[in-house]
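Letter by letter, the sequence shown follows residues 1024 to 1114 in this note's numbering.
Quick notes on the structure that follows.
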Amino acid sequence: MPWTAPFEEPIRLRGGRRLLTLQDAADYIMKLPQDVQQQDRWQIAVENLINAAETGNGWLMFARIGVLRALNGDEGIRPRRLQSPPSPSPK
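What follows is the structure, encoded as C-alpha cells:
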C-alpha cells in the first residue's frame, strides 16, 4: 500500500488541520521534537504506519488508531477511582 493511501476517516488535529494519508501522519510525527518521537506511544504509531505502508490490509486501521492514541496521550485510559462503600448507619 503506498504512503499516499488515505485513512478511512481523516485524523483531526487541534487547530483544524487534518491528516489524510499515511504520509501526512508520518510527516507530522517527524516534525515533533526528538524526545517526543521517542516516547513509546509515538514509536507504536510509527510501527503501525510502516506496517500499513508495507502490507496494507487491516494495518491502515491500526495505523489510524495508533496515531489517535499517541495524539491523545493517556486521556481516557486512566482507571476510574473506586468509591468507598457507604458506612453503615448507626443503630
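Even glycine gets a Cβ: it sits at the ideal position worked out from N, Cα and C.
As the structure is a prediction and not an experimental result, all values here were calculated from the model.
| field | C-beta neighbour in chain D for Pro1029, strict 8 angstroms | value | The structure shown has no chain D; it contains just one protein chain.
| query | Between Trp1065 and the rest of its own chain, which residues show a CB-CB distance below 8 angstroms, the 5 nearest in sequence each way excluded? | reply | Locating residue 1065 in the sequence shown gives position 42, counting from the first residue. The answer, listed in chain order, is Ile1052, Leu1055, Val1059, Ala1093.
| For Leu1072, the nearest candidate out of Thr1044, Gly1038, Gly1039 (CA to CA) | Residue numbering aside, residue 1072 sits at position 49 when the sequence shown is read from its first letter. Per the Cα distances, Thr1044.
| message | For Gln1061 and Leu1091, what's the separation of their Cα atoms in angstroms? | response | Indexing the sequence shown from 1 puts residue 1061 at position 38. Indexing the sequence shown from 1 puts residue 1091 at position 68. C-alpha separation (whole angstroms): 16 angstroms.
| query | Exposed or buried, Leu1036, counting other C-beta atoms within 10 Å across all chains shown (16 or more means buried)? | reply | Translated into positions along the sequence shown, residue 1036 becomes position 13. Classification of Leu1036: exposed, given that the 10 Å Cβ count is below 16.
| request: Output the distance between the C-alpha atoms of Gly1096 and Pro1113, rounded to the nearest integer angstrom. | output: To locate residue 1096, count along the sequence shown from 1; it is residue 73. To locate residue 1113, count along the sequence shown from 1; it is residue 90. One C-alpha to the other measures close to 45 angstroms.
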